[in-house]
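With this note's numbering applied, the sequence shown covers 581 to 631.
Backbone N, C-alpha and C define an ideal beta-carbon position, used for all residues, glycine too.
The structure displayed is predicted, hence computed values, not measured ones.
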Amino acid sequence: MKIGATKSEGGSRSYSTTVGGAGTLPFYTFEGLNPPPVLALEVYDYLDSPP
């Protein structure tokens, strides 16, 4: 997925970022090349009980 469009593509950004396109699973660098990560998230699936 491409985020942003440069001026040559009809957009107003100076650069664009491509998310995805990996050839292997994460951290399996011995099988192929992976693009650098673009996003990092932390998800909590439970709430701590109030004190």
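Whole-number beta carbon distance between residue j and residue i, since they are thought to touch under 8 Å
i: Gly-603; j: Asn-614; result: 7 Å
i: Gly-591; j: Gly-584; result: 6 Å
Residue i and residue j closer than 7 Å at C-beta
i: Thr-598; j: Lys-582; result: yes
Quick one: complete alpha helix (DSSP H) runs, 4+ long, within the stretch 588-631? The stretch 588-631 contains no whole alpha helix (DSSP H) run of 4 or more residues.
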